[in-house]
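In what follows, a single structure is set out as structure tokens and then discussed.
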Amino acid sequence: MKFQAPRGVKDLLPPASESFRRLEDEIRALFVLAGFREIRLPIFESAELFARSIGESTDIVEKEMYVFSTKGGETLALRPEGTASLIRAALEHRLADPGRIERLYYQGPMFRHERPQAGRLRQFHQAGAELIGSSDPDDDVDLIATVSRHAQATSIPSSRLLINSMGCAECRPAYREVLVRYLEKYRADLCETCRKRTETNPLRVLDCKIPQCQPILESAPHITDFLCPDSRNHFDHVSRGLEGEGIPFTLTHRLVRGLDYYTETAFEWVSDALGAQSTWAAGGRYNGLVRQLGGGDVPGVGLAIGFERLFLLRELAGTLPHFPDPAVLLAIHPLEEAARPYAHRIMASLREHGIPVVGLFGKTRMKKAFVQAEREGVRFIGLLGGDELSGGTITIKHLQSGIQKTVSAFPPEDLAKTLRETWSP
RNA sequence: GUGAGUGUAGCUCAAGGGCAGAGCACUGGACUGUGGCUCCAGGGGUUGGGGGUUCGAAACCCCUCACUCACCCCA
């Protein structure tokens, strides 16, 4: 084979592509019900934008971004996530002014240069919802509850919600110091990455899965014990709110978001059904991001859903949506040369009336035409021969039942009505 | 970036040093105004690629590429 798709990208063929689209529609509807409106964002941005927002010392920025330079000398990057773009756009168009509340969602491909594995691609898809301008914990609760309820309604297998607090600009540095002091004490027993991270990004150390580090990390100080009164209050309010809503969650002290901009509430939904990449949705509050990107003191909270992972889970659950069946209602088969123009005319008028129809022109033998119609999943086949041509009629046969009748082909709305209503399940 | 496993027809897989095969799929015919069944026939392969060992390699060795899973990281 001369050409094949680059590593880590996938062609999505029917019927999976159709289910994928339906799944996108479903998530879009979910966000719309919660008051979010769509924002269309560019696929590439200034590389600097991501470095500034996600964090210089994160893996995403350090080694996973597709960075390229243009003829004009700009350094751009394929977007590795959506929040940075969205906030940039909100600032650029003055949607993130202090005091203003804006609910926006996005959807589309993201790019990270990682080694592919189950649930991980180099081009993958996310849908994200971001609420800009509110610092109220009840907005955290609402956003989390919306996704958790949808997960439950669509029977996502063994899904669990994990919650933690990342503190704020006040208390996180204090906790950080306590944590670093603790880690330094056990420095000799930590793995090499953890030793390095103790200096560069100590909170990430909590995420380490290397066995030798586990005992140390298990008894590391919890961030929730060092929250300032405001952060404590916020987190308690979110916890109580979720309890009040009957949304089950697990307080996970070692849950840390991989992106630097998160503050306060951090949450993620995991499932054991997914393999090693178990997170299918995640999010959190990012009260410092807008300022970090040059805006005012505007808080935000948001989340993103990984579509490929959601797709897998819904497939396992048997709740994957499908295209309306059948996609094509009628296949028209001209039986002789003279009937071809007649076939075109009927097809055009039926399409005008919303009937999806294909022509079986290349199949000269009727048997082949029937086989092709079956293959395309159509419900009816329409036969046009000399009799139909002279009578202005069409013989329609319902493939499943074998029932057939010859009806007038005009006016098309009558034929369309017949097709829509006759023998419909 | 690291590691392990796997690469044979469109798909699922046989052949484990001695003729590259099966099932499904595909194409044609039996069958030119009525499909699904059946029967017959056919097209398809540099056995991922390159090198080596051997009289002989899909098989054994080396290199390489790809895929899968895991590490890492994350949605």
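Count the first sequence with this note's numbering and you get residues 222 to 646, in order.
We put the beta carbon where it would ideally sit given N, CA and C, even for glycine.
Just checking my contact of His346 with Glu285 at CB under 8 Å: how many whole Å lie between their CB atoms?
-> At roughly 16 Å, the Cβ-Cβ gap does not stay under 8 Å, so His346 and Glu285 are not in contact.
Is Ile615 helix, strand or coil when you go by DSSP?
-> strand
Could you tell me the distance, in whole angstroms, from the CA atom of Gln344 to the CA atom of Leu463?
-> 34 Å
Since I believe Glu489 is in contact with Thr471 (beta carbons under 8 Å), could you give me their beta-carbon distance rounded to a whole number of angstroms?
-> With 8 Å as the limit, Thr471 and Glu489 do not qualify as a contact, their Cβ atoms being about 10 Å apart.
Closest residue to Ala350 among Leu325, Arg309, Glu313 (Cα-Cα distance) = Leu325
Per-residue DSSP class, three states only, for Thr627 | strand
Give the DSSP-derived three-state secondary structure of Tyr507 in the structure shown.
-> coil
Close beta carbons around Ser570, own chain, < 6 Å, minus the five adjacent residues each side | Pro633
Any non-hydrogen atom of the ligand HEM closer than 7 Å to Ala637 Cβ = With respect to the ligand HEM, the structure offers nothing, as it holds no ligand at all.
Cβ-based neighbour list, Pro680, same chain, cut-off 6 Å, excluding 5 preceding and 5 following = Residue 680 cannot be examined here, being either before or after the span of the chain that is shown, 222 to 646.
What number of angstroms, rounded off, separates the C-alpha of Gly613 from the C-alpha of Ser629?
-> 6 Å
So, are the CB atoms of Phe332 and Tyr287 less than 8 Å apart?
-> yes
Distance between beta carbons of Glu529 and Gly340, contact taken as under 8 Å | 6 Å
Closest to Val579 by CA distance: which of Pro450, Asp518, Gly603 is it?
-> Gly603
Residue interval of the alpha helix (DSSP H) (run including Thr367) | 358 to 374
Bridge partners of His543, per DSSP?
-> In the DSSP output, where bridge partners are listed per residue, His543 has none listed.
Pick out whichever of Leu438, Gly496, Arg453 has its Cα sitting closest to the Cα of Leu476.
-> Leu438
Nearest residue (CA-CA) to Ala213, options Pro545, Gly598, Pro520 = The chain is shown from 222 up to 646; residue 213 falls before or after that span and cannot be answered.
Measure the C-alpha to C-alpha separation of Ile377 and Ile365 and round it to an integer number of angstroms.
-> 15 Å
Exposed unless 16 or more other CB atoms sit within 10 angstroms - verdict on Ala559 | exposed
Using beta-carbon positions only, say whether Glu266 and Arg315 come within less than 8 Å of one another.
-> no
CB of Glu302 within 8 Å of CB of Ala503, strictly = no
Straight-line CA distance for Leu534 to Gln328?
-> 19 Å
Exposure of Ser410, with buried meaning 16 or more beta-carbon neighbours within 10 Å = Strictly speaking, residue 410 in this sequence is Asp, with Ser absent from that position. Under this definition Asp410 is an exposed residue.
Which same chain residues, not among the five before or five after Pro646, have their C-beta less than 8 Å away from its C-beta?
-> Caution is warranted here: a pLDDT of 45 is assigned to Pro646, below 50, making its placement in the model unreliable, and the coordinate value is therefore given only provisionally. Same-chain partners within the cutoff: there are none.
CB Leu605 to CB His554, shorter than 8 Å?
-> yes
Under a Cβ-count criterion, where at least 16 other Cβ atoms within 10 Å of its own Cβ denotes burial, should Pro235 be classed as buried or exposed?
-> exposed
Following the continuous beta strand (DSSP E) through Arg381, name the residue where it begins and the one where it ends.
-> 380 to 386
Within 10 angstroms of its Cβ, does Glu323 collect 16 or more other Cβ (buried), or is it exposed?
-> buried
With DSSP as the reference, label Glu489 as helix, strand or coil.
-> strand
Glu466, enclosing beta strand (DSSP E) - first and last residue | From DSSP, Glu466 is part of no beta strand (DSSP E) but of the alpha helix (DSSP H) over 450 to 466.
Please specify which runs of the alpha helix (DSSP H), each continuous and at least 4 residues long, are wholly inside the stretch 520 to 580, giving them in chain order.
-> 528 to 538, 561 to 573
Beta-bridge pairing of Thr585 - partner residues as DSSP gives them | Answer is none; Thr585 lacks a bridge partner.
Beta-carbon gap between Ala226 and Gln338 smaller than 8 Å = no
In terms of alpha-carbon separation, which member of Gly276, Cys392, Ile248, Leu424 lies closest to Leu448?
-> Cys392
Could you work out which residue in Phe631, Asp363, Ile624, Ser355 is closest to Ile468 when comparing CA atoms only?
-> Asp363
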